[in-house]
Amino acid sequence: DHLHARDGHAHQHVERREYPQVPLAPPYRPLVWGDLNVIHTTDTHGWLLGHQKSSWAEPYYSGDLGDFSSFVTHMKQIALHKNVDLLLIDSGDLHDGTGLSDGYPPGDVDAHESNKFVERLPYDLMTIGNHELYGYADTYDMYTNFVPHLAGRYLTSNVNITVFNSDGKPESVPVGNRYAKFTTRKGRRITSLGVIFNFTGNDMNTTVQAVGDMVKEQWFVEVIAEEPDAFVLIGHMPVSNNSWPTVVNAVRAVHPLTPILIFGGHTHIRDCTQYDGRSMAMESGRYMETIGWMSADLHAAKHNRDNVTFTRRYLDQNRVTYEYHTRTSNRSFDTDHGRSITRGLEELAARFNLSHLYGTAQQDYTLSYNPYPSNGSLVSLFIEDAVPYALAINNTRASIPNIMIIDSWALRFDLLKGSFTKNDQLTIMPYQDSFLYIANVTSAIANQLLPAMNKPMAIQQKRDETQAVFSSHEIGDTPDSAWLEEIDDRPGAGGQASFGYVTRDSCPDADHADDTLHTPLPNYDVPFYVGSKPPNVTADTPIDVVFLNFLGKEIIGILNGLQKDKTYTMADVSSYSPTLASDILGLYAQGMWN
Ligand SMILES: Nc1ccn([C@@H]2O[C@H](COP(=O)(O)O)[C@@H](O)[C@H]2O)c(=O)n1
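When you line the sequence shown up against mature numbering (1 follows the signal peptide of the UniProt record, and there is no 0), it's residues 1 to 594, in that order.
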């Protein structure tokens, strides 16, 4: 009962990409439809050509945006046939993540080209993520070029951008629309908002209003006053442990019984929770790995106080899933529109030279499937080997002992065995962050930096700032990494081909939320801040403290807490190297893996 993800042999006359030529387990039961249904994406981060590596569980996410488009087209037809509503929703973070979004030539803007393909999907609602707000140029590009395509449905209830108005005066305006009220094909009246968590890392001339303040605004009070058939709230905000209750409670204070469907994001996990019996909130993973599905029976919930019947499902993003749920075959699945999206993305990849080869990796280096530190840890490889290697190239300070510090969240994805290309480099580290340093910190003080930065209090503060709770709901705590190799030998385990997400969320039927049955991958915690190996010098030796520019203020604060001989300020910080974070692994692979 295994189907092939890209079975080029079976129907050779049909034009399509042919990888991976590996069998994939299909979903194990059909979707449950209601009278209002939603397909949900979030945190796609430019992964529009899907996952192209053969290490497991990557083939399970091997669909591309063209395939997704074909899927949506078929699902819309099924919805018509069933005479029900189907909405398509995205919860933000289109930027920063692959060569398609980040491999642009100098002078261009991040994700400007890749977003042209996202525009070709029939999204009903979209909202903004923090990665649309790190640089003004990105936000301005969204405001000017992307938002108009959503025709009033790109929602930014608490995010503004400052632009010059028609009189040439600076004016702070919503990036998209604060809200949308619309009627579905079946005549349901929907009120929608698009909210981001209390993000503080946004660039100048963009503003993020605290969620607690937003719900007190007069416009908010007026928008929610009229009762719709359902509220559909979208936001770049995790559905557990975050500000959603602030929004939901504000709505509930006026409408105790109106059904509420919530679509969150940001923490890259599969998750679901219910704030009460007439609401459901789901989050649909990351990186085009997961397509979320929610259905609600709104008709049955009319004129009563009963719990609304909701379902949710996390679909693996591949053609086997898509064909299963649309009852199509490899021959009948592709639409012309979908194919042209795939072709366009492949042309963009070629234009950006994303297959440029830096070297060949002999093994997988992972973020969480191997312990840190270890030989299989990407964090170890990056900070202990690659960063010291790349920053030493043509650097007059290289002979001075140093310690190099990054935050491990800056690394975005695993480095997988095989060709290491420009695209791989950017999927792991898309940020053009620079490296800075503070000179003449004694080794004794410098060595205390990491433990101080990783203290539970400091990390809690960091988590509160980013509102990112990365406690995944995946099940997979494995004490022994050798398990990964051994799994092929375990009877009935299905081998490595069965690896994938195994989710237990907080909604009904919590163990059956995944659409395809998998064996969980191991999952190891990594400290938030990590460093290169400390130099072997005496405690009073002055050394360089080198760090990502992103961390400047934090390092200075901690350094001033650790010693009182000198008060450090940003004036003590200089550029360490012209090499950017996004170039590190390419330089390393070129030097070491050829
Ligand atoms: N220039 C940047 C921007 C961000 N980061 C890192 O990304 C994290 C946020 O990413 P999410 O997908 O979780 O929203 C942030 O905490 C930084 O670690 C960076 O390193 N450089």
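We treat Cβ as the ideally placed atom computed from N, Cα and C, and that holds for glycine.
Keep in mind it's a predicted model, so treat the numbers as computed, not measured.
Pair within 9 Å by beta-carbon distance, residue i and residue j
| i | j | result |
| --- | --- | --- |
| Gly264 | Met237 | yes |
| residue 595 | Thr98 | There is no way to answer for residue 595, as the model of the chain reaches only from 1 to 594. |
| Asn130 | His40 | no |
| Ile555 | Met453 | yes |
| Ile428 | Asp407 | no |
| Ser114 | Leu133 | no |
| Val251 | Ile224 | yes |
| Asp316 | Tyr501 | yes |
| Leu150 | Ser192 | no |
| Gly63 | Leu345 | no |
| Tyr524 | Pro371 | yes |
| Lys417 | Lys53 | yes |
| Asp229 | Pro259 | yes |
| Val208 | Thr200 | yes |
| Phe310 | Leu261 | yes |
Closer than 8 Å: residue i CB and nearest ligand 1 heavy atom
| i | result |
| --- | --- |
| Leu150 | no |
| Gly586 | no |
| Gly129 | yes |
| Tyr501 | no |
| Phe550 | yes |
| His512 | no |
| residue 597 | Because the chain here runs from 1 to 594, residue 597 falls outside it and cannot be looked at. |
| Gly201 | yes |
| Asp93 | yes |
| Tyr104 | no |
| Tyr529 | no |
| Asp407 | yes |
| Thr267 | yes |
| Asp90 | no |
| Tyr431 | yes |
| Tyr136 | no |
| Asp414 | no |
| Asp515 | no |
Exposed unless 16 or more other CB atoms sit within 10 angstroms - verdict on residue i
| i | result |
| --- | --- |
| His303 | exposed |
| Glu15 | For Glu15, the predicted model reports a pLDDT of 45, less than 50, meaning its position is unreliable; a value from the coordinates is still stated below. By the 10 Å Cβ count, Glu15 comes out exposed. |
| Gly50 | buried |
| Glu226 | exposed |
| Leu80 | exposed |
| Ala497 | buried |
| His45 | buried |
| Thr206 | buried |
| Arg188 | buried |
| Thr503 | buried |
| Phe146 | buried |
| Met592 | exposed |
| Asn307 | exposed |
| Thr321 | buried |
Where residue i falls: helix, strand or coil (DSSP)
| i | result |
| --- | --- |
| Ser329 | coil |
| Leu391 | helix |
| Phe220 | helix |
| Ile291 | strand |
| Ile262 | strand |
| residue 607 | Lying before the first or after the last residue shown, residue 607 is absent from the chain, which here runs from 1 to 594. |
| Ser574 | strand |
| Glu58 | helix |
| Glu283 | strand |
| Pro456 | helix |
| Lys181 | strand |
| Pro401 | coil |
| Asp515 | coil |
| Met214 | helix |
| Ile428 | helix |
| Val22 | coil |
| Phe231 | strand |
| Thr139 | helix |
| Val147 | helix |
| Tyr322 | helix |
| Arg16 | In this predicted model, Arg16 has a pLDDT of only 49, less than 50, meaning its place in the structure is not dependable enough to derive any value. |
CB contact below 9 Å: residue i versus chain B
| i | result |
| --- | --- |
| Leu125 | Protein chains in the displayed structure number just one, and chain B is not present. |
Heavy atom of ligand 2 within 8 Å of residue i beta-carbon
| i | result |
| --- | --- |
| Ala386 | This structure lacks ligand 2; its bound ligands are ligand 1. |
Segment contact flag, the region 425–437 with the region 534–551, C-beta cutoff 8 Å, min 3 pairs:
yes
Is the number of C-beta pairs between the region 77–89 and the region 352–359 that are closer than 8 Å three or more?
no
Does the region 513–520 come close enough to the region 312–332 to have 3 or more Cβ pairs within less than 8 Å?
yes
Give a yes or no on contact between the region 100–120 and the region 210–226, applying the rule of three or more CB pairs nearer than 8 Å.
No: fewer than three Cβ pairs fall under 8 Å.
Can you confirm whether the region 357–371 touches the region 387–400 when touching is taken to mean that 3 or more C-beta pairs between the two stretches lie within less than 8 Å?
Counting C-beta pairs closer than 8 Å gives fewer than three between the region 387–400 and the region 357–371, which falls short of the contact rule.
Would you call the region 376–393 and the region 133–148 in contact, with 3 or more CB pairs under 8 Å?
These segments do not touch.
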